[in-house]
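Set out below in C-alpha cells:
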C-alpha cells in the first residue's frame, strides 16, 4: 500500500493497521450480516465498542472516578460554547489565556455566552509563547481559567500547567493522550479527536462530576454535560464510525506503551526536528520561544523566506504532504501526532538537512 | 457477503455497494497515499467530495437558491437547540406540533431557549395521529410552527404539510429525501442523516438565507447558522467520513431515480406491509390512524400481545433484525428506509403471513 509522509495538522495520520482493520471489518462486523455503522446504537455489539472506548480513555489518561468521560459531536469548537454554557453561573466570570488562534476563538464564544476576559494575550507580540503563571491577571469572581495547552497554528505549547486557585478548563485537542494531565487542577478537559485519537467527528470531554448538578436547567439537551453523563454519551445516536475508529487507535496506543510512551516519543521526535532547525547555521528558524516549542506542531521558517515555496514544492515532490504553515501565519509546519510513523520524521529531518545543504 | 434483513430505525441499512466502496477506498484514497479521513479538510480531494455532497443534496431535494445547505454535527438533537437559538428573536414565540417523542423533545428545548408552546399534542390519546390544520392553535407573535414530519417511534406521518401563515420548521430526519418538500412554506428543514442518508454523525440542515442576517450576535460560533453558511460547513473540521459515506448514498439515490423514485418506493413497500397487517383477519393491528401511517416506520401489534415475544424470536431466527418496537411503546416496528433492499420487505411480508397462518 502506498503511503506518503503526511504531516497534516488535523485530521491526522492514523496507524496503517487501524485503517486496514476498519476496511476489512466495515462491510460485515463480526459475521453479524451488517456493518457496525448500520447497527442500532443500542445493540450489544456496538455497546461493547462504545463502553470499551470510554474505558480505554479512562485507563490510558488515568482519569479519576470523579470525572465523567463524554463523546460529543461538534469538535472542540462546540466546546467553546458548551464550557461557558455549563459552567458560568450568574454573575461569575471566565478567564482565558490567549496564546493563539484557538484561545482567541474560545474567548470569543465565552464572551457571547457570559462574562469572559483575557487573563493574558500574546497577540501584541504575534503569538510566540505562553505566559508564566505570574503574568496572568485573574479578576475576582472568576469561575475558571481556560487554557489551550498547545496552539496548533503557532506551534506553541504550555510547558507547565498552572497552579492557580481558580480551576482550569483545558482545550487539549492537540496534545491530550500525549502528556499526563494533573486532574486535580482541572474542572473540564476537552479536545477534538482528529489530531491524536481518530478521524474527525467528535470531541472527548472530561467533566468533573461534582459540577453536573449545578448546570442550569435552561441549557438545551445536547448542550448539557448532564445529558451526556446521564446516558453514557448515548442520549442520541452517537458518531459510531468515529468512536469505532478511535477505539482502534486507543488499542494501538495501549499496545505501543500508552501515554508515557507517547509523551517520550513526542519529545524525542520533536527534538530531532528542532535540532535540525537549530543546527542549520541559521538556514531555518523557529519563531517560537524555546521554552514553549510545541511537541506536536513544529512551526519553522527559512531565513530566506523567498525560498519557502521551493521548500514546499520539493517536499511534495518527495512525498511530504501538508508541510505548509497555516494560511494565517505562513511558513512551514510539521505536525507530528501519535499516529505518524517514526520513518516519516526521520525522512523529514534528512530532507531538511539535504535541502539546507543544497540551498544554504 | 452475509447480509441479514436489518429493519433498524436508525442507524439505517446502507446500500451494500456503498459499504463495499468505502471499504475498498478507505486505506488509500485515489492512490494519494493516504485515506480521505487523514486528509486536511482544506485539501482539494476532500473539498471536491464535500462540495459535491452539498450539490447532490441541492439537486436531489430540489432546494432553491435562497436556501443554505449545512452539514452540522450533533444530529437532529442539536437542531432542537439551534432552531430556537437562531430563530427566536426577543419576544417572539414558537409553536410545536407534538405528535410523538421527537416533537416533545423539540418543544422541550424550544422552551429552554425561549417561549415555546404546543400548537397541538397527541399525548392524551397516546400518539396515534397528526392533527389537521384546523386543529392547530397558533397564538399571536408566533415566529415559526415546528413539525416532525414523521415520528419514528409511533410510526406516524404528517400526510400533508400545513399552509399556515406562520412559516414551518421541519424535523424530517426519517423522511427527507423520500418525499418532496414545499420549500416556500419552510424557513428551516433539518434531519439527522442516519436514517435515509448515511451513517450517524451529522444533520443536514436547510436554512432560508434571508434569516441569516437577523441571527443574534450572541449565538456562539458553532451554534449559529451564519457560521456554517459563511464557510460552506467548513468553519471547523467537518465529520469527513460521514460526509463521504453520505456522498456515496446520494450518488446511489440519484442513480436509482432520485426522490420521486424513493417516494414511490416508500409508498409501495409500506403498503405491502400494511396490507399484510390489514388482511390477516385481525391477527395483526396497526395502532396508527390510517391516514397518518408512516411510509418508513411501520409499527404494528399482535392481537394477542402475549405472542409478540415469539414473533420477535422467530423473526430473529430467520435473519430479521431490529423488528422490536421502541422500548417506550413496545410491539413491533419495521423501519423501511431508502437503503433497505426490496428483498428484505418481501421476505418480511412472507414471514408475517406465514407466522399468522401458523399461530392464528
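Protein chains in written order, with our numbering: chain A, 354 to 713; chain B, 354 to 713.
We put the beta carbon where it would ideally sit given N, CA and C, even for glycine.
Taking residue 492 of chain B as the centre and dropping the five residues before and after it, the same chain places the C-beta of 446, 448, 470 closer than 8 Å to its C-beta, in chain order. With its beta carbon less than 8 Å from one in chain B, residue 364 of chain A belongs to the interface. Where residue 403 of chain A is concerned, the enclosing alpha helix (DSSP H) starts and stops at 397-413. Positions of the beta strand (DSSP E) runs, each at least 3 residues long and wholly inside the region 615-672 of chain B, are given as 650-655 in order along the chain.
Excluding five sequence positions before and after residue 402 of chain B, the CB atoms of its chain that fall closer than 6 Å to its own CB belong to 597, 600, given in chain order. Residue contact check for residue 370 of chain A against chain B: no CB pair falls below 8 Å.
The CB of residue 462 of chain A comes closer than 7 Å to the CB of 573, 574 in chain B, given here in chain order. Residues 369 of the same chain have their beta carbon placed closer than 7 Å to that of residue 356 of chain A, with the five preceding and five following residues left out of the count.
Taking 8 Å as the cut-off, the Cβ atoms of residue 481 of chain A and residue 362 of chain A do not count as close.
For residue 381 of chain A, same chain residues with a beta-carbon under 8 Å away, outside a window of 5 residues either side, are 387, 388 in chain order. The closest CA to that of residue 416 of chain A, considering only A/535, A/681, A/616, is found on A/535. Around the Cβ of residue 691 of chain A, a 10 Å sphere holds 16 or more other Cβ atoms; the residue is buried. Under the Cβ distance rule, residue 392 of chain B counts among the residues neighbouring chain A, one pair being separated by less than 8 Å.
For residue 673 of chain A, the closest C-alpha among the options A/702, A/713, A/617, A/625 is that of A/702. Between residue 562 of chain B and residue 419 of chain B a beta carbon distance of about 5 Å is seen, short of the 8 Å cut, so the two are scored as contacting. DSSP places residue 599 of chain A inside the alpha helix (DSSP H), whose first and last residues are 593-608. Scanning chain B for C-beta atoms nearer than 7 Å to the C-beta of residue 376 of chain A yields 376, 379, 380, reported in chain order. A residue is called buried once 16 or more other Cβ atoms fall within 10 Å of its Cβ, and residue 479 of chain B, having fewer, is exposed. Chain-ordered listing is empty here: chain B has no CB closer than 8 Å to the CB of residue 683 of chain A, the nearest sitting near 15 Å. Counting the other Cβ atoms within 10 Å of the Cβ of residue 711 of chain B gives fewer than 16, which makes it exposed. Under DSSP, residue 473 of chain B takes part in a beta bridge, and its partners are B/450. Here residue 584 of chain B is exposed. Its C-beta has fewer than 16 other C-beta atoms within 10 Å.
Put simply, the CB of residue 388 of chain A is near chain B, with a gap under 8 Å to one of its CB atoms. Judged by beta-carbon spacing, residue 524 of chain A lies within the 8 Å limit of residue 455 of chain A, meaning their Cβ atoms are closer than that value.
Residue 553 of chain B reaches chain A at 390, 394, 590, 591, 592, 593, 594, counting residues in chain order whose Cβ is nearer than 8 Å. Beta-bridge annotation (DSSP): residue 358 of chain A is paired with A/673. In the structure shown, residue 480 of chain A adopts coil according to DSSP, grouped into three states. Taking C-beta atoms as the reference points, residue 476 of chain B and residue 451 of chain B count as a pair closer than 8 Å.
Per the coordinates, the alpha-carbon of residue 644 of chain B lies some 7 Å from the alpha-carbon of residue 512 of chain B. Contacts between residue 430 of chain A and chain B, judged by CB atoms closer than 8 Å, involve 574, 575, 588, 589 in chain order.
Residue 498 of chain A carries a strand assignment under DSSP once its states are collapsed to helix, strand and coil.
Nearest CB-CB separation between residue 373 of chain A and chain B: below the 8 Å threshold. Going by DSSP, residue 556 of chain A is part of the beta strand (DSSP E) stretching over 556-561. Here DSSP, grouped into helix, strand and coil, assigns residue 542 of chain B to strand. Listed in chain order, the beta strand (DSSP E) elements of length 3 or more contained wholly in the region 496-536 of chain B are 521-524.
Here residue 663 of chain A is exposed: its Cβ has fewer than 16 other Cβ atoms, across all protein chains shown, within 10 Å.
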